[in-house]
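Before any comments, here is the structure.
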Amino acid sequence: MYHFTELELHIFLNMALAKARRGDATSLTKELRDFSAKYVKISELNKTRTRTLVNDYIENQIIEFCRQKSELQILNLQYTGSFYERLKTEAADEVDIMVVLGTPSSEIEVIASEVPGYVRLRARGDPIFCKYLGHEGYLDPKSFRDRWFQSIVQRAVNNIKPKEPFSDVRLVVRTHGPAVQVDILRKGSKEKLLSVDLVPCFHVNDSWYVPKPFKGKRFVFNHKVFWRQSFSLEEKQVLENMDQQDHGCRHELLRIVKTVVKRQVTSLPLDSYYLKTAFMHYIEKHSQDWVSREALGKHFLGFLGEVQLYLRSGNLPHYSLPDVNLLNDFKEVVVKQMANRLKRILNSEARPFKGKRFVFTHKSFWSQSFSLEEKQVLENMDQKDQKDHGCKHELLRIVKTVIKGQVTSLPLDSYYLKTAFMHYIEKHSQDWVNKEALGKHFLGYLGEVLLYLESGNLPHYNLPDVNLLNDFNEVAVKQMVNRLKRILNSEVRLQKILTEASKTQIMWLWNLLLGDATLTTKLREFLANHVKISEADMTRSKKLVKDFIENQVMWYCRKKSTLPILRLEYTGSVYERLKTEAADEVDVMVVLKTSTPWLWGDPEVMVEDSDVPGYVRLKARSDSKFRRYADPEGYINPERLRNGWFYSLVDKAVDDFRARVPRSDLDMMVRQHGPAVQVDIFKKEPYEYLLSVDLVPCFQIGSDDYYVAKSYCGRRFVSSSGLLWRQSFSLKEKQLLEYMDRDHGCRHELLRIVKTIVNRERSSLGKLKSYHLKTAFMHYIKEKRHYWNTRTSLGDHFVGFLGYLQNSLEQENLPHYWLDGVNILDDIGGVVIRNMAARLKRILNSEIMALTSPLTKKLRDFSVQYVKISEETTTRAKRLVKDYIEDQIIVYCQENSTIEILKLEYTGSFYEGLKTEAADEADIMVILGTPSSAGIEVIDSRVPGYVRLRARNAPMLSKYLSPEGYIDAESLRDSWFHSLVRLAVNNIKPKAPFSDVRLVVRTHGPAVQVDIFRKGSKEKLLSVDLVPSFQVEESWYVPKPFEGNRYVLNNELLWRKTFSPKEKQLLASMDSKDHGCRHELLRIVKTVVKRPVTSLPLDSYHLKTAFMHYIKKGGLDWESGDALGKHFLGFLTELQFHMASRNLPHCWLRGVNVLDDFKKGTIEQMENRLRSILNSEAKLNKILE
1 MYHFTELELH
11 IFLNMALAKA
21 RRGDATSLTK
31 ELRDFSAKYV
41 KISELNKTRT
51 RTLVNDYIEN
61 QIIEFCRQKS
71 ELQILNLQYT
81 GSFYERLKTE
91 AADEVDIMVV
101 LGTPSSEIEV
111 IASEVPGYVR
121 LRARGDPIFC
131 KYLGHEGYLD
141 PKSFRDRWFQ
151 SIVQRAVNNI
161 KPKEPFSDVR
171 LVVRTHGPAV
181 QVDILRKGSK
191 EKLLSVDLVP
201 CFHVNDSWYV
211 PKPFKGKRFV
221 FNHKVFWRQS
231 FSLEEKQVLE
241 NMDQQDHGCR
251 HELLRIVKTV
261 VKRQVTSLPL
271 DSYYLKTAFM
281 HYIEKHSQDW
291 VSREALGKHF
301 LGFLGEVQLY
311 LRSGNLPHYS
321 LPDVNLLNDF
331 KEVVVKQMAN
341 RLKRILNSEA
351 RPFKGKRFVF
361 THKSFWSQSF
371 SLEEKQVLEN
381 MDQKDQKDHG
391 CKHELLRIVK
401 TVIKGQVTSL
411 PLDSYYLKTA
421 FMHYIEKHSQ
431 DWVNKEALGK
441 HFLGYLGEVL
451 LYLESGNLPH
461 YNLPDVNLLN
471 DFNEVAVKQM
481 VNRLKRILNS
491 EVRLQKILTE
501 ASKTQIMWLW
511 NLLLGDATLT
521 TKLREFLANH
531 VKISEADMTR
541 SKKLVKDFIE
551 NQVMWYCRKK
561 STLPILRLEY
571 TGSVYERLKT
581 EAADEVDVMV
591 VLKTSTPWLW
601 GDPEVMVEDS
611 DVPGYVRLKA
621 RSDSKFRRYA
631 DPEGYINPER
641 LRNGWFYSLV
651 DKAVDDFRAR
661 VPRSDLDMMV
671 RQHGPAVQVD
681 IFKKEPYEYL
691 LSVDLVPCFQ
701 IGSDDYYVAK
711 SYCGRRFVSS
721 SGLLWRQSFS
731 LKEKQLLEYM
741 DRDHGCRHEL
751 LRIVKTIVNR
761 ERSSLGKLKS
771 YHLKTAFMHY
781 IKEKRHYWNT
791 RTSLGDHFVG
801 FLGYLQNSLE
811 QENLPHYWLD
821 GVNILDDIGG
831 VVIRNMAARL
841 KRILNSEIMA
851 LTSPLTKKLR
861 DFSVQYVKIS
871 EETTTRAKRL
881 VKDYIEDQII
891 VYCQENSTIE
901 ILKLEYTGSF
911 YEGLKTEAAD
921 EADIMVILGT
931 PSSAGIEVID
941 SRVPGYVRLR
951 ARNAPMLSKY
961 LSPEGYIDAE
971 SLRDSWFHSL
981 VRLAVNNIKP
991 KAPFSDVRLV
1001 VRTHGPAVQV
1011 DIFRKGSKEK
1021 LLSVDLVPSF
1031 QVEESWYVPK
1041 PFEGNRYVLN
1051 NELLWRKTFS
1061 PKEKQLLASM
1071 DSKDHGCRHE
1081 LLRIVKTVVK
1091 RPVTSLPLDS
1101 YHLKTAFMHY
1111 IKKGGLDWES
1121 GDALGKHFLG
1131 FLTELQFHMA
1141 SRNLPHCWLR
1151 GVNVLDDFKK
1161 GTIEQMENRL
1171 RSILNSEAKL
1181 NKILE
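Under UniProt numbering, the first residue of the sequence shown is numbered 1, with each subsequent residue one higher.
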């Protein structure tokens, strides 16, 4: 058989697709036929050898031996798979044979599972099957295959007799998926002549079942007893005869595509079964034109196009089970990669040669250069976005320096690193500007280089099918993988390579990489010292459960119980991988078996809802064995069933154990514990407590509803509460929690740490039980799905989760995860809940702050000393607004004004939660009303953000209109509103507790400002800006004078469009969802900017605008321990970029730059000042002193 090279396949695919694009289908067919003859077809000699080996060794010896020696009848053989479907390519080196067992259908009961295509098989009648029974009497496929079939095939192979013409062979037996694989090798060498998969199979009611293991992603209880329904014979029937009627080219086409897809140059990890399934769908849709001269070429492109559509949609339906998507076997990103790869193959006809093989006349080859394209990508990569100006150049320079060092010793020159980096920045286009960006991307980029090396493939940036790693031999690539892994997994090595790269220049990067991990490091130390359970402890507990609970107690209970026990379900912290400190407790649900009617009638146990959420009553049918434990109406009494049946049964089981094993070193003690019967296992001499097992009797009703005998202990009165059964969600919780770290995150670690801390705070947090923490955590991880596997994730989420828990306690509400409307804190008193909230707040503000970065701590200290407003001044400001502005001035204006005052809108920093230092200013918009017959017409001006307002049918405004009917902003404010407020102030009456005040009125921009002073002094208590405003639909307009540089005719008629209500809506609630630090950060920055040492002439509005842009970015972490420090630097950096670009866009008005108010030189000075602060730790500390 001729084995083609990757280059030859490259050339073939290139030529074939090029001809197809030129519409030359006939020529493409010829190319495909030539390719098939040369690379795909199996020689007749090879096929004959395969048939002879199957006949001489498999059929006539192995199967014959099995028939004679097996206690199970072998009915017949079914020949399946590619060889017998006439679809095998390249070599006839594999064969699949189903070994059908002769058992009457009545002896095998097929029970459907929750997984489509999988069933459970229960043996009935024949005692032969007893050896291979697993859980609940189901046939165990692995035991059946290994203990019966593999052993008998091995015995047969041991008795093999050589047979001409292939007598010089040896046979090797091993398992392979559902099969026992027999490899036939040439004696004395490793040359494999043939692999035969022998698959034991049950044929029941026209369906075949094979012992193929379930490997799906979803959690399925007891999947080890699953048998896979096989459709191999149906598929063989479709495929083997598909060309029979028209003698078409279907077989030939599928063989060609299988060959092409397998090759490395194509790099599609689709095995034969996916292609075969897609092809069966394809030929079902395309039944015509398989015999013309163009058919092969036309359908080659058609089928590849269809495969691409399946990949693009992410769905390839199973041919016989259309609800099963075969692409679920792949990760979503892999499917997308395959779709893109196939798209590029179909759309591209140029494939350059890049290889290590000898090529004749290679000296005349010219290499296509992409230097200019690469220069364009790399030269401007930090300037693409005006907001970016990131650290990409800096990072690549550092990595190139590091890689060249002797300590690193990676033979990757600049071009490989540059190529990998262009791929990296294409995937990671965000977050290159904050203080942590360089450190984060340093590790991220080295991690990506490692992935390329591990896969053995670094695609050329412009020629994605060219693998640059082909320049290295396989051993060299493996050495680089191991070297880079050791570096990334060792802080010592990482520090060493950075030290070597530059003794002084790059060490700050090392500090950056580790600086934020302080809290995480402390938590990991706590985990190791106080939380983790030893493997020996865990192994011992599981062995005790198996040896004593399963094999002794429950063995006796199953044998002697008057009530049928269906199965055991293992739940709780040990099985959720959340147990802390010691593996000394285990929870086991003992599920009782109940019958359900086949066609009609009531089930044996019926569920009736109660008035208490999460509780039900269970009613037994009149003929049910459970009636013995029911009240006269048939309701099963949980206490009676647990005590009268289960407790006594377990107690007898323990007595039976003592009688049978009197000399055992271990003993058991039985007692009641809530809904459970608790079995304590202990060592006799010297006494040592080992394990406590809660056995909980339980009913399963329907597919996934479980009810346990847990008493109702709520505060409300419920009639017949003793008959209530508690709905249990333990299995759902186990399913969610056991596998929550599929991304190799730190969720299990975090919850175990928090549980341990709460357990140790018994005096202050003692009322928080494991279930409260688990519930809060399930809510938390549902909200926070990402960033669980970074260097600082444990510390960040520790702070985040405690913050979530504290907020739940402050609100006195922690919703049940599964039951709507149920608050699981209802059973704890309000005072206790508030005390626990206060304790968590102290932990977050003190103990944890001690572990955060120095910058975050410095900022918090600065905030306390200079930024925060006292409660006293806040209360005073609110009282003054109410007593003097709302209750007197506004009331006077409403009573005496000819223009209606409709309502007040409270805006500005005080009401946005952004006021700093003192609550000495308030902004209030006074919304004016006009009669329904009147109207305000808004007319745009040439000045962005300014309009003219024309009044219609509004006589109350006639004094303030221009001849054209425009409302004169200045006249309305001064002649009407200012004078009206002054009259109101003249009529002010003192009001306790702030009666000793005087009020002064003046104009201030668009407002009439009322200053409230302490009488007899110049001490100003509060300034209130009252701004007359018109609201037209969802827009607001205020009489703010136009002060721009350009000349505007009649500028006194211009009204400024205000966005204050929208800004308040955005800013006041910006921390409400995640309880982050946005308000705190902006207040700090506003305070810092105002200080003379900072010298930035930016007012509150400029900062607020820049901040609204900043917080619009997605994916930012605002709640971790170091979020404040990170975003302080990030926001200042963003401000610097706005200064550097001389552009700070208005948040609501397109094309308006709020920096236009400054001269160019002033902006440059601000940009330089910010840069110097960010680049100097001393200057940064100075502004925070």
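Backbone N, C-alpha and C define an ideal beta-carbon position, used for all residues, glycine too.
Considering only the alpha carbon of each residue, which of the options lies closest to residue i?
| i | options | result |
| --- | --- | --- |
| R397 | L327, F442, V334 | F442 |
| F35 | L133, E252, D140, L77 | E252 |
| K440 | D1011, H428, I128 | H428 |
| S711 | N643, L1022, D93 | N643 |
| Y107 | L139, P116, S43 | Per the sequence shown, residue 107 should be read as Glu rather than Tyr. The candidate whose alpha carbon is nearest that of E107 is L139. |
| G1161 | C1147, R1142, L1170, V433 | R1142 |
| C391 | T419, M338, Y445 | Y445 |
| D289 | R255, R250, Y319 | R250 |
| L185 | S195, Q430, H176, K212 | S195 |
| L438 | A1140, H176, G1130, E872 | G1130 |
| T792 | L301, A992, L859, K1126 | K1126 |
| P1006 | D1025, K989, G1016 | D1025 |
| Y771 | K1113, A536, W788, R752 | R752 |
Between which two residues does the alpha helix (DSSP H) containing residue i stretch?
| i | result |
| --- | --- |
| residue 1188 | Because the chain is modelled from 1 through 1185, residue 1188 falls outside the range shown and cannot be assessed. |
| N759 | 747 to 760 |
| V938 | First-last for V938: 935 to 940, but that is the beta strand (DSSP E), not the alpha helix (DSSP H). |
| K1057 | From DSSP, K1057 is part of no alpha helix (DSSP H) but of the beta strand (DSSP E) over 1054 to 1058. |
Would you please verify whether the beta carbon of residue i is less than 9 Å from any beta carbon of chain B?
| i | result |
| --- | --- |
| S1095 | The question asks about chain B, but that chain is absent: this structure has only one protein chain. |
Would you tell me roughly how many angstroms separate the C-alpha atoms of residue i and residue j, rounded to the nearest one?
| i | j | result |
| --- | --- | --- |
| D1157 | G1151 | 14 Å |
| M507 | V402 | Confidence at M507 is low in this model, with a pLDDT of 38, below 50, so its placement is unreliable and the value that follows should be read with caution. Spanning the two alpha carbons is a distance of roughly 12 Å. |
| D883 | V891 | 11 Å |
| L750 | L794 | 6 Å |
| F1013 | K1020 | 4 Å |
| P162 | K88 | 27 Å |
| N807 | S764 | 16 Å |
| D413 | E474 | 17 Å |
| M480 | S863 | 49 Å |
| T756 | M778 | 17 Å |
| L592 | W645 | 12 Å |
| G745 | V1032 | 52 Å |
Measuring CB to CB, does residue i end up less than 9 Å from residue j?
| i | j | result |
| --- | --- | --- |
| F626 | L641 | yes |
| residue 1186 | H673 | Residue 1186 cannot be examined here, being either before or after the span of the chain that is shown, 1 to 1185. |
| F899 | V1010 | Per the sequence shown, the amino acid found at residue 899 is Ile instead of Phe. No, they are not a contact pair. |
| H247 | V291 | yes |
| E109 | R567 | no |
For residue i, report the span of its beta strand (DSSP E) as first-last.
| i | result |
| --- | --- |
| E725 | According to the sequence as given, residue 725 is Trp; it is not Glu. Per DSSP, W725 belongs to the beta strand (DSSP E) from 724 to 728. |
| A278 | First-last for A278: 272 to 285, but that is the alpha helix (DSSP H), not the beta strand (DSSP E). |
Any 3 or more C-beta pairs closer than 8 Å across the stretch 675 to 688 and the stretch 633 to 653: At 8 Å Cβ cutoff, the stretches touch.
Taking 8 Å as the threshold, find out whether the stretch 934 to 953 comes into contact with the stretch 961 to 976 through three or more Cβ pairs. Yes, the stretch 934 to 953 is in contact with the stretch 961 to 976.
Touching or not, the stretch 153 to 172 and the stretch 51 to 61, by the rule of three or more beta carbon pairs under 8 Å? Contact holds: three or more Cβ-Cβ distances are below 8 Å.
Are the stretch 110 to 120 and the stretch 80 to 98 touching by the rule of at least three beta carbon pairs closer than 8 Å? Short answer: they don't touch.
Flag this pair as touching only if the stretch 271 to 281 and the stretch 234 to 243 have three or more C-beta atom pairs under 8 Å; answer yes or no. The stretch 271 to 281 is in contact with the stretch 234 to 243.
Determine, using beta-carbon pairs with one atom in the stretch 731 to 747 and one in the stretch 605 to 621, whether at least three such pairs fall under 8 Å. Two segments are said to touch when three or more pairs of C-beta atoms, one from each, lie closer than 8 Å; by this definition the stretch 731 to 747 does not touch the stretch 605 to 621.
Contact between the stretch 829 to 837 and the stretch 798 to 816: three or more CB pairs below 8 Å? Yes: the two stretches touch, three or more of their Cβ pairs being nearer than 8 Å.
Segment contact flag, the stretch 953 to 963 with the stretch 911 to 923, C-beta cutoff 8 Å, min 3 pairs: No, the stretch 953 to 963 does not touch the stretch 911 to 923.
The stretch 66 to 85 / the stretch 149 to 158 touching (three or more Cβ pairs under 8 Å): The stretch 66 to 85, when compared against the stretch 149 to 158, does touch it at the 8 Å Cβ threshold.
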